[in-house]
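Engineer:
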Amino acid sequence: GLPITTPCGITSSDGTAQMKHEDFGAVLKTGRTAKRLSTREVSSLTGISYSSISKYENEGIDPSFVYMILMCDLYEIDLNDIANIVRPSSRHRNLHTKPVSSGRHKMRDTSLGQALKAGRGCLRLSTRAAEAITGISNVNLSRYETDTTMPSFATTVLMCDVYSIYIDDLANILRDHGITKRPSRHD
214 GLPITTPCGI TSSDGTAQMK HEDFGAVLKT GRTAKRLSTR EVSSLTGISY
264 SSISKYENEG IDPSFVYMIL MCDLYEIDLN DIANIVRPSS RHRNLHTKPV
314 SSGRHKMRDT SLGQALKAGR GCLRLSTRAA EAITGISNVN LSRYETDTTM
364 PSFATTVLMC DVYSIYIDDL ANILRDHGIT KRPSRHD
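In terms of the numbering used here, the sequence shown opens at residue 214 and continues consecutively.
#1: Does the separation of the CB atoms of Y280 and G238 fall below 8 Å?
#2: Please list the terminal residues of the continuous alpha helix (DSSP H) segment that includes R249.
#3: Below 8 Å on the Cβ atoms is my contact criterion, and I expect L387 with I282 to pass it. Report the Cβ-Cβ distance as a whole number of Å.
#4: Note down the Cα distance separating R157 from D275, rounded to an integer number of angstroms.
#5: Where does S324 sit, in a helix, a strand or coil, going by DSSP?
#6: Mind checking which residues open and close the alpha helix (DSSP H) that includes D382?
#7: Kindly identify the DSSP beta-bridge partner or partners of S277.
#8: Run through DSSP, which three-state label would G260 get?
#9: Using the Cβ count rule (16 or more neighbours within 10 Å means buried), how would you classify C285?
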């Protein structure tokens, strides 16, 4: 399809958000090399294929939200710093500023999809209205909200910004449910 620009300022041709990969890839590569890890070592520690890690760093392929959390946790990079790279300058930067504990207790027993659906619901947006605002198809929104499909990192940032959800809260949901637990070297 033809590229469209969503009201949130992210260009999309397939209903998914697009990252400024030349920036986030360099940050991931710097984080990995600062830890003195090869892509194969990161693969062993995270379960992400080493070829995918290379593509994230060099080609700007948009990782899933889970994979971005795994890499940021391993490299000790603040997820919000990567999210701010993804956000176009037309959107607010540093939207994550908040007291450390706010909101976490309310989301502890929820899934990522339930949190996204609740965020959309708080704004009283139908999936069609959310599609019009974000450029993400209502089919994909439904898949994310039912935990059928994991959104990409850029798509997650976009939904967080539109729904006023802190990205750290969503990351903590996945951490609390053990979804981002790295496999041990002995697995």
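Using N, Cα and C, we set each Cβ at its ideal position, and we do this for glycine too.
Structural biologist: Here's the rundown:
#1: no
#2: No alpha helix (DSSP H) contains R249, which DSSP labels as neither H nor E.
#3: 6 Å
#4: In this structure the chain extends from 214 to 400, so residue 157 is not present and cannot be described.
#5: coil
#6: 380–389
#7: S365
#8: coil
#9: buried
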